[in-house]
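Structure first, then comments.
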Amino acid sequence: MHHFFQDRKIYIKAIFIIIFITFFISIFLSTSFPEQTYFFKSANCSFIPGLENKNTLFALDKEISNNIEIKIAPSSFRLYVDGKYTPIYKENRYVKEFQLPSGANELLIVSQGYISKKFYKSEIRKNFIEDKLEKRDSLLKKISEINAGNQPKSVLFSKDGKLIFTALLDDEGVDVISIDEMKKIKTLTPPEKFAKKKGFVELLIIESLNELWVSQMTTGYLHIFNLSDLSYATSISTKGIYPKVLIKSRDESKVYVSNWLSKDISIIDTKTKKLIEKFSVADVPRGMAISPDEKYLYICLFEGKGVIQKINLKTKEVQTLNNIPKGAKRHIVLDAEKSLFYISDMYRASIFLLKYPEDKIIKEIKVAPNLNTIALSYDKKYLYISSRGPNNPETYLLKGPEYGKVFILDTESLKLVDYIWGRNQPTGLDVSVDGRIVAFSDFLDNNIEIYQNIKY
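All the letters of the sequence shown, read from the start, carry residue numbers -7 to 448 under the numbering used here.
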């Protein structure tokens, strides 16, 4: 019993000592840090109610603003802030977040095999960097980037290589870029009743008439401009719905137009500017090419089976090439000397090689997601391929998680020998007649990128 009471006295005494110490600690904290208690969670700060020290709050807000998000192509890179390596704070596959020290000024982004790029904190908007690096060793060296109108859908060089034309899907016509001045010099617009409906898609030059043609899907019309002075000439109804791709016969007497929604092809007389005839195809048509002997028109079907149809241009007999895997055939170009078609398939992320006249698939080459336009160099050594990259999960009309690319296929080895990064959705693409200059559009950035092939 004696031990019980003795232990109880010690226990009670210990409780009083703990209460006494706690009391004095609370007094010390309240006098040393009045009304400045902060609770930190990750990089953010939470404050207890009733804080009134505005200077302290402002300082903390500045600290928060030093967190910066960076989306760079390539996604593997290192950040140096004022010469010091800065580790990643948070990341997902495409965007990395960094905590910058107070007073940070110069940001240097470094990636192996790429030219480093420098940014200054004062120039960064909304604490977000979205950009790309250029490869050190590439066939393509950047010359310039030029702002264009909304949603540049296609790109076309003039035959003398002095101008670049780009059709604007969400704007009122065609932008004209001077290669010598490296700037936009004009926008070609049809009459207002057409221009205000926007929807300009693909381009074509008729050299014998010195004319530029552009399709407008929202009206069903083609618009023609004089290349001599870039003036408007006339407009032609295709009698189809949503006209897109334009190609011409070898003698330039006819233009073939693929009509997306009416699923047919219009044939226009280039001299009279009249519709000659119109014939249906199996599904949504897009790219087209004429066989080397000019007997057949090959048509890419983007939907349905997503294969190729060929039309006998004399009898108009239609034949479907079922030996080609199903997909979403988008664009087709011809190497006449080899009697070889190159075809882009958006669904299969592939390039197909189709031999004429056997209509035999020589090879399928896997490239990248969402292939768009393809273009051969004048000497047929290289096939350039635009890939807009992975889609945004909601809609392709929003920026995707990663930039797209432009690939180079060596047509002898049939190997992909190089690529460069584009920006948001590289789409339109063309090569100058001498093969030196490659231009492509970044559809969602309203931007035209211009590169030089160092082999020419």
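Here a beta-carbon is modelled for each residue, glycine too, at the ideal position from N, C-alpha and C.
Check	Outcome
DSSP-derived helix/strand/coil call for F120	strand
Three-state secondary structure assigned by DSSP to A274	coil
Where F186 falls: helix, strand or coil (DSSP)	helix
Contact set for K312: own chain, Cβ-Cβ below 7 Å, skip 5 residues either direction	The sequence shown places Thr at residue 312, rather than the Lys named in the question. For T312, where only same-chain residues beyond five positions count, the Cβ hits under 7 Å are A274, V299, Q301.
Chain-order list of residues whose beta-carbon lies under 6 Å from that of A140 (same chain, five-residue window excluded)	T158, D167, N438, I440
Ranges of the beta strand (DSSP E) found wholly within the segment 175 to 234, counting only runs of at least 3	175 to 180, 192 to 198, 203 to 208, 213 to 218, 223 to 229
Same chain, Cβ closer than 7 Å to Y86, five either side skipped, listed in chain order	K63, S67, P393, E394
7 Å Cβ shell around W413 - same chain, five flanking residues per side excluded	A65, K124, Y395, K397
Residue span of the beta strand (DSSP E) that contains T421, given as start and end	Correcting the residue identity first, residue 421 is Leu in this sequence and not Thr. From DSSP, the beta strand (DSSP E) with L421 extends over 418 to 423.
Rounded C-alpha distance that separates Y449 from Y339	Because the chain spans -7 through 448 in this model, residue 449 falls outside it and cannot be assessed.
Cα-Cα separation, D402 to I357	12 Å
Reference Y288, options E61, P349, L406, Y411, closest by Cα	P349
E137 - DSSP class collapsed to helix/strand/coil	strand
Nearest candidate by alpha-carbon position, reference I316, set S150, I233, F344	F344
Nonlocal neighbours in the same chain, by C-beta distance under 6 Å from F20, ignoring five residues either side	Legend: pLDDT at F20 = 39, less than 50; position of this residue unreliable, value from coordinates given subsequently. Correct list: empty, nothing qualifies.
N-terminal and C-terminal residue of the beta strand (DSSP E) that K358 is part of	352 to 358
V193 versus N58: straight-line alpha-carbon distance, rounded	43 Å
Span separating the alpha-carbon of K297 from that of P277	11 Å
3 or more residues per run - each beta strand (DSSP E) lying fully within the segment 253 to 338	256 to 261, 266 to 272, 277 to 282, 288 to 293, 300 to 304, 310 to 313, 321 to 327, 332 to 337
Buried or exposed by the 16-neighbour rule on C-beta atoms within 10 Å, applied to T307	exposed
Range covered by the beta strand (DSSP E) that runs through T158	155 to 160
Any 3 or more C-beta pairs closer than 8 Å across the segment 384 to 391 and the segment 322 to 341	no
Integer Cβ distance of I228 from I260, believed to fall under 8 Å	6 Å
Beta carbon of L132 nearer than 8 Å to that of P144	no
Beta-ladder partner(s) of F149, from DSSP	I156
Cβ neighbour criterion (16 or more within 10 Å) applied to N97	exposed
Local conformation of K88 per DSSP, three classes	strand
Proximal residues to F399 (C-beta, below 6 Å), its chain only, five neighbours per side dropped	V359, I377, L408, Y411
Residue burial classification, K151 (beta-carbon count within 10 angstroms, cutoff 16)	exposed
Sequence-distant residues of its chain with Cβ nearer than 6 Å to S369 (five each side left out)	V423, G427
S170 versus I442, Y448, I446, residue with shortest Cα-Cα distance	I442
Cutoff 8 Å; reference D129; Cβ partners in own chain excluding five residues on either side	G105
Residues near S103 in its chain [Cβ-Cβ closer than 8 Å; skip 5 each side]	I64, P66, S68, F69, R70, L125
DSSP-derived helix/strand/coil call for D53	Per-residue confidence for D53 stands at a pLDDT of 38, beneath the threshold of 50, marking its modelled position as unreliable; the derived number appears in the next sentence. Reduced to three states, the DSSP call for D53 is helix.
Residues bridged to L363 (per DSSP)	S379
A187 vs E203 beta-carbon contact at 8 Å	no
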